[in-house]
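For the sequence shown, this note's numbering assigns the number 39 to the initial residue and increments by one for each residue that follows. Here a beta-carbon is modelled for each residue, glycine too, at the ideal position from N, C-alpha and C. Just so you know, these numbers come straight off a predicted model, no measurement behind them. What follows is a single structure, written as structure tokens, with notes after it.
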Amino acid sequence: MEPTDFSRLSELLKMPCRIAVVTHSNPDGDAIGSSLAMTHYLKHKGHDARTVVPDDFPEFLKWMPAAGDILIFDNDVKNAERFLLDADLVFCLDFNAPDRVQAMTKTLEQAKGIKILIDHHLDVVHFCDFELSNAATSSTSELVYDFIVNMGDENLLDKNIAEALFVGIVTDTGSFSYACNYEHTFSVVANLMRLGIDAEHIHRLVYDTWSESRIKLLGFCLNEKLTVISNYSTSYIVLSKADLERFNHKIGDTEGVVNYALSIKNVKLAALITERDDFVKISFRSKGTFNVNDFARLHFNGGGHKNASGANVYLPLGEAVKKFVSLLASYSKELMPAHHEV
Ligand code: 5GP
Ligand code: MN
């Protein structure tokens with residue numbers, strides 16, 4: 039966004055109005071964190087603001103201040119639809135294309151409010167009136183922090199906003215292990231600390247609150263469902279609906295599982311392939327130069343980031359797995375094991 043656009047946005051936010059803050063389906067820590075932070079901020083400015091999400095989000099994010107106020111389209115279509123359609127402004131956070139809100143896509147496209155995109159994914163689709171898109175950043179939460187500062191509203195930052203933004207940054211960087219080689223990210227986090235957050239406590243709330251069945255599902259994935267193809271430096275885990283049911287699966291229970299597959303020495307590409315009700319969800323992760331954004335986009339109509347992407351595949355589980363495995367040969371040059379690699 040040009041610096042002048044901030045003054046135009048400042049104008050738009052001068053008079054109290056109704057604002058929907060929307061994020062992508064299957065919302066993760068950054069989606070919920072950035073949206074709640076933005077909603078707190080807009081309320082401080084006197085607006086009637088609400089976060090609207092396409093579907094439910096994991097239990098480990100439900101403790102966040104005002105998480106209970108989030109409108110979930112899946113559970114309450116009428117109210118979510120009304121809020122979105124009546125909104126004067128619509129903030130689109132942490133997604134780069136309208137179809138990323140899945141069942142809510144039509145409503146988002148029908149919404150007449152002025153749309154403002156804040157996002158860090160590659161290959162942004164230009165569907166908003168204002169765009170703040172930067173892939174060289176940790177998270178949308180970091181961009182929301184910058185947005186508030188650029189609007190001249192640093193004084194409106196408070197502990198609730200800081201907690202939400204910290205959740206977004208910590209989850210999208212895997213607790214500061216990827217997408218965080220930026221000095222700015224750490225200086226934003228230092229500023230969040232100054233707002234009084236307890237970073238260690240937040241980390242425990244997000245990462246150390248697993249149910250027994252979730253941790254057993256992880257053990258099952260690693261012990262019985264992990265396949266390593268050394269020739270292609272690839273590992274993957276396949277989960278059927280029956281597997282998920284056996285472990286009493288709840289939303290968010292498979293979050294992070296793919297990272298274990300990637301953490302194996304010499305593995306450059308990892309995938310978690312999960313059977314859902316109407317489609318197969320694949321999460322891709324990579325180390326180094328292998329671009330899983332391109333891989334997901336070219337072969338599975340998905341996308342995301344260079345080292346973390348996803349796709350919804352409309353094939354039976356077995357065929358989705360076959361497709362993934364058979365693609366590896368065409369990437370043999372990039373995936374071939376090399377010496378001295380981690
Ligand atoms: P995850 O595998 O954790 O669901 O997603 C990894 C990254 O890829 C996230 O940044 C997410 O927004 C993005 N992503 C996940 N699924 C899709 C998809 O179906 N399409 C696109 N374009 N991006 C996705
Ligand atoms: Mn994100």
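Own chain, CB closer than 7 Å to residue i, minus 5 neighbours either side, in chain order
{"i": "S251", "result": "F285, N286"}
{"i": "I235", "result": "K197, A200, E201, F204"}
{"i": "D68", "result": "D132, S177, T178, S179, G206, T209, D210"}
{"i": "N329", "result": "K344"}
{"i": "V295", "result": "L256, C259, I275, L310"}
{"i": "E97", "result": "K288, G290"}
Minimum C-alpha distance to residue i - residue among the options
{"i": "P136", "options": "H62, D114, H158", "result": "H62"}
{"i": "N134", "options": "A104, K153, D126", "result": "K153"}
{"i": "I289", "options": "F214, Y352, F95", "result": "F95"}
{"i": "G257", "options": "A299, D114, V182, L353", "result": "A299"}
{"i": "N229", "options": "H239, I186, T209", "result": "I186"}
{"i": "V413", "options": "F121, F328, S213, H158", "result": "The requested residue 413 does not occur in the structure, where the chain is confined to residues 39 to 380."}
{"i": "I70", "options": "V91, Y79, L181, D332", "result": "V91"}
{"i": "L233", "options": "L195, H222, Y220", "result": "L195"}
{"i": "D66", "options": "A87, K254, S321, V162", "result": "S321"}
{"i": "L99", "options": "T247, L160, S368", "result": "T247"}
{"i": "A346", "options": "L365, V305, N297", "result": "N297"}
{"i": "L50", "options": "Q140, S73, G84, A104", "result": "G84"}
{"i": "E293", "options": "T175, K319, N113, R56", "result": "K319"}
{"i": "K360", "options": "M374, F338, K303", "result": "F338"}
{"i": "K254", "options": "E283, V162, A75, N188", "result": "E283"}
{"i": "K371", "options": "S271, G340, A308", "result": "S271"}
{"i": "D305", "options": "F44, T223, A376", "result": "Note on identity: in this sequence residue 305 is Val, with Asp being the wrong assignment. Checked all of F44, T223, A376; the closest Cα to V305 is A376."}
{"i": "N350", "options": "S324, Q140, H158, A173", "result": "Q140"}
{"i": "H158", "options": "G151, E147, M142, D184", "result": "D184"}
{"i": "M142", "options": "N117, L160, K81", "result": "N117"}
{"i": "H82", "options": "M102, K52, T265, D93", "result": "K52"}
The ligand MN heavy atom lying under 8 Å from the CB of residue i
{"i": "A202", "result": "no"}
{"i": "A87", "result": "no"}
{"i": "S213", "result": "no"}
{"i": "T178", "result": "yes"}
{"i": "H158", "result": "yes"}
{"i": "G356", "result": "no"}
{"i": "G206", "result": "yes"}
{"i": "D161", "result": "no"}
Check: residue i C-beta below 8 Å from any heavy atom of the ligand 5GP
{"i": "E427", "result": "Because the chain is modelled from 39 through 380, residue 427 falls outside the range shown and cannot be assessed."}
{"i": "H241", "result": "no"}
{"i": "G67", "result": "no"}
{"i": "S73", "result": "no"}
{"i": "S301", "result": "no"}
{"i": "N350", "result": "yes"}
{"i": "S347", "result": "yes"}
Start-to-end residues for the beta strand (DSSP E) that takes in residue i
{"i": "R314", "result": "R314 -> no beta strand (DSSP E), and no H or E assigned at all."}
{"i": "D196", "result": "Here D196 belongs to no beta strand (DSSP E), and DSSP marks it neither H nor E."}
{"i": "D157", "result": "152 to 157"}
{"i": "T77", "result": "Taken as a continuous stretch (DSSP letters only), T77 belongs to no beta strand (DSSP E), being part of the alpha helix (DSSP H) at 67 to 82."}
{"i": "S347", "result": "346 to 351"}
{"i": "S273", "result": "272 to 277"}
{"i": "E13", "result": "It is not possible to answer for residue 13, since the shown part of the chain is limited to 39 through 380."}
{"i": "E169", "result": "168 to 171"}
{"i": "C130", "result": "127 to 131"}
Bounding residues of the alpha helix (DSSP H) (the contiguous stretch that carries residue i)
{"i": "R120", "result": "115 to 124"}
{"i": "Q161", "result": "Going by the sequence as given, residue 161 is Asp instead of Gln. Where D161 is concerned, there is no enclosing alpha helix (DSSP H), given that its DSSP letter is neither H nor E."}
{"i": "V227", "result": "221 to 232"}
Sequence-distant residues of the same chain with beta carbon closer than 8 Å to residue i, five excluded per side
{"i": "E119", "result": "F111, T145"}
{"i": "S278", "result": "E313, L355"}
{"i": "V163", "result": "N134, A135, P136"}
Close beta carbons around residue i, own chain, < 6 Å, minus the five adjacent residues each side
{"i": "L336", "result": "none"}
{"i": "L122", "result": "A58, V90, T145, A149"}
{"i": "C218", "result": "S176, T211"}
{"i": "L155", "result": "C130, C166, E169"}
{"i": "S72", "result": "L131, D132, T178, S179, V182, G206"}
Residue i CB to nearest heavy atom of the ligand COA below 8 Å
{"i": "D210", "result": "As for the ligand COA, it is missing from this structure, which binds only the ligand 5GP and the ligand MN."}
Please confirm if the stretch 123 to 133 is in contact with the stretch 303 to 317, defined as three or more CB-CB distances below 8 Å between the two stretches.
No, they do not touch.
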